[in-house]
Ligand SMILES: N[C@@H](CCC(=O)N[C@@H](CS)C(=O)NCC(=O)O)C(=O)O
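Residue numbers (our numbering): 18 to 224.
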């Protein structure tokens with residue numbers, strides 16, 4: 018049995034959505050980061066960075082932190098969502114999520130939503146970065162249905178971040194290709210289920 022330590026955030030949702038897509042049974046252990054449970058002694062032992070998500074798989078006697086590492090582990094274990102033909106394109110767009118979509122939109126959340134008014138410079142900087150991230154996705158999805166041709170870990174990693182469009186103050190209607198991709202993925206039963214397995218239960222936002 019797989020144990021997933023998670024919370025209702027984009028990085029947590031990536032993993033539960035992937036597990037639902039795979040159809041692998043798993044147990045969720047809530048780590049309420051709003052109550053600083055990530056710093057509890059017990060969790061510190063399995064998460065060296067005191068962050069969710071962490072996955073534990075008894076079958077292979079493994080504990081993994083970092084959402085990217087967890088997703089690669091699951092894609093390799095089950096041989097899915099990491100297509101052999103489009104392997105490097107999938108890795109490219111997966112890495113784009115890990116290094117740009119997540120970090121920049123995450124900072125936009127901090128400065129535009131949770132701490133607005135504290136730094137004009139940071140608000141402007143991360144608003145511009147967010148728009149740049151969306152323009153990159155928009156261009157990529159102009160001719161493609163999914164980020165790396167087939168539905169893959171690149172889409173599964175990126176989608177829960179785009180689902181926070183209201184918090185990073187992006188009008189999805191300005192990015193029609195992203196909007197089409199977002200809405201199509203939002204209809205997948207595994208996405209609907211995986212979105213709400215930990216923490217606060219919310220409706221998938223739609224513009
Ligand atoms: N690079 C990490 C980021 C994980 C991360 O930022 N997790 C957040 C929730 S989305 C967290 O645990 N925050 C609590 C904290 O930083 O104290 C990953 O992709 O797993």
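Beta carbons are placed, not taken as given, at the ideal position from N, Cα and C, and that holds for glycine. Treat the numbers as computed from the prediction; the structure is a model and nothing was measured.
- For the pair residue 219 and residue 107, the Cα-to-Cα distance works out to about 29 Å.
- Within a 10 Å sphere around the beta-carbon of residue 130 sit fewer than 16 other beta-carbons, which makes this residue exposed.
- In this chain, residue 118 is not harboured by any alpha helix (DSSP H), its DSSP state being neither H nor E.
- Around the beta carbon of residue 28, a 10 Å sphere encloses 16 or more other beta carbons of the protein chains shown; the residue is thus reported as buried.
- Looking at the DSSP output, residue 74 bridges to 19, 79.
- Within its own chain, the residues whose Cβ lies closer than 6 Å to the Cβ of residue 211, once the five positions on either side in sequence are excluded, are 33, 34, 37, listed in chain order.
- Taking residue 202 as the centre and dropping the five residues before and after it, the same chain places the C-beta of 172, 176, 208 closer than 7 Å to its C-beta, in chain order.
- Per DSSP, the beta bridge partners of residue 167 are 165.
- One alpha carbon belongs to residue 164, the other to residue 50, and they sit about 30 Å apart.
- Per the C-alpha coordinates, the member of 148, 123, 186 positioned closest to residue 26 is 123.
- For residue 103, no beta strand (DSSP E) segment is defined, and its DSSP state is neither H nor E.
- Selection 143, 154, 136, 83 evaluated against residue 31 yields 83 as nearest (Cα-Cα).
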